[in-house]
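All remarks here apply to the structure that follows.
Protein chains: 2
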Amino acid sequence: MPSSLDPAIAARLKRDPAGLVPAVVQEHGTGEVLMLAWMDNEALHRTLTTGRATYWSRSRREYWVKGETSGHHQHVRSVALDCDGDAVLLTVDQTGPACHTGTHSCFTDELEIR
Amino acid sequence: MPSSLDPAIAARLKRDPAGLVPAVVQEHGTGEVLMLAWMDNEALHRTLTTGRATYWSRSRREYWVKGETSGHHQHVRSVALDCDGDAVLLTVDQTGPACHTGTHSCFTDELEIR
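Here it is, written out as structure tokens:
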């Protein structure tokens, strides 16, 4: 879909067949990995220009400003592409829990290593 | 494809249309996010049973034990699913640089927030 994302950035971004890249969200200060969400060009554009983490919801098929309904905002401190341009790392200041289940991080289901 | 992954874990994993989930790799101790790779059921099974980070290469279409050719191994300390079961977080002890470009982390291309 058309987007206002800087063409120089769009050219470095390698999207999957659905036009998305995974966005890893890390908490500033603690370094905790809070969640993983998805971005298309427009979500990245909105994130970079507003400083508020904005994702594409694959299930609801709509843009989603983190905290818009929950109040659990993410103020974005930095955004970095990886070496292949197919993933994004955000560092954020997280208000409240990042996870919709109420936990600070979404990664709480630890698997056993044998 | 068939896999020996514990069916109880496989049932909790929500794979994309290509059968993959993104795996975020975080360094134990420093908390640095090193890279993002992809896993199918079998890659997760091999990771959990060997303790060596094993991914699915989307470009080469083959399993890939991190460090097998570079020597830059990842010894896996923990593996956690997120709340939706559609992403995995690994914490690892990283030998050498994680990135094939020679940098410690793959996320070196910082974008400007305006």
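Chains as they are written, first to last, in the numbering used here: chain A, 1 to 114; chain B, 1001 to 1114. Think of the CB as a built atom: it goes at the ideal place given N, C-alpha and C, for glycine as much as any other residue.
Original post:
Can you list, in chain order, the residues of the region 77 to 92 of chain A whose Cβ is nearer than 7 angstroms to any Cβ on chain B?
Top reply: S78, V79, A80, L81, D82, C83, A87 and L89
Original post:
From the beta carbon of P22/A, is the nearest beta carbon of chain B less than 8 angstroms away?
Top reply: Position 22 of the first sequence, counted from the first residue, corresponds to residue 22/A. By this cut-off, P22/A is an interface position.
Original post:
Across which residues does DSSP place D1093/B in a beta bridge pair?
Top reply: Working through the second sequence from its first residue, we reach residue 1093/B at position 93. The partner list for D1093/B (beta bridge, DSSP) reads H1075/B.
Original post:
If you measure from the beta carbon of Q1074/B to each beta carbon in chain A, is any gap under 8 angstroms?
Top reply: Taking the second sequence and counting its residues from 1, one reaches residue 1074/B at position 74. Output row for Q1074/B: interface = no.
Original post:
Contact check, D1040/B vs W1056/B under 8 angstroms by CB: the rounded distance?
Top reply: By one-based count along the second sequence, residue 1040/B stands at place 40. By one-based count along the second sequence, residue 1056/B stands at place 56. About 5 angstroms; that satisfies the 8 angstroms criterion.
**OP:** Could you check if A98/A is buried or exposed, using at least 16 other CB atoms within 10 Å of its CB as the buried criterion?
**Re:** Along the first sequence, one-based indexing puts residue 98/A at 98. When all chains shown are included, A98/A counts as buried.
Original post:
Which of the three DSSP states, helix, strand or coil, is assigned to E110/A?
Top reply: Along the first sequence, one-based indexing puts residue 110/A at 110. Residue state for E110/A is assigned as strand, using DSSP reduced to three classes.
Original post:
Name the residues in the region 24 to 35 of chain A whose C-beta lies less than 9 angstroms from a C-beta of chain B; which are they?
Top reply: Listed by position, the residues of the region 24 to 35 of chain A near chain B (Cβ gap below 9 angstroms) are V24, Q26, T30, G31, E32, V33 and M35.
Original post:
For H1045/B and chain A, any beta-carbon pair shorter than 8 angstroms?
Top reply: For this step, residue 1045/B is matched to residue 45 along the second sequence. Chain A contact via Cβ: absent.
Subject >> the region 1048 to 1055 of chain B in contact with the region 104 to 114 of chain A per 3-pair CB rule at 8 angstroms >> reply: yes
Subject >> Of the residues A1008/B, D1109/B, R1077/B and H1100/B, the one placed nearest Q1026/B, counting alpha carbons only >> reply: As a working note, residue 1026/B is residue 26 in the second sequence. Here the closest residue by C-alpha is R1077/B.
Original post:
What do you get for T1103/B, buried or exposed, if any count of 16 or more other CB atoms within 10 angstroms of its CB means buried?
Top reply: Translated into positions along the second sequence, residue 1103/B becomes position 103. Burial call: exposed.
Subject >> With 16 other Cβ atoms within 10 Å as the buried cut-off, status of T1069/B >> reply: As a working note, residue 1069/B is residue 69 in the second sequence. T1069/B comes out exposed.
**OP:** State the CB to CB distance for the pair A1053/B and V1092/B, rounded to an integer number of angstroms; the pair is presumed to be in contact (CB under 8 angstroms).
**Re:** By one-based count along the second sequence, residue 1053/B stands at place 53. By one-based count along the second sequence, residue 1092/B stands at place 92. A1053/B to V1092/B, Cβ: 6 angstroms. Contact.
**OP:** Would you decide whether P1022/B is buried or exposed? Buried here means 16 or more other CB atoms lie within 10 Å of its CB.
**Re:** Counted from its first residue, the second sequence places residue 1022/B at position 22. Label assigned to P1022/B: buried.
Original post:
In the structure shown, what three-state DSSP assignment does A23/A receive?
Top reply: Within the first sequence, residue 23/A is the residue found at index 23, counting from 1. Reduced to three states, the DSSP call for A23/A is strand.
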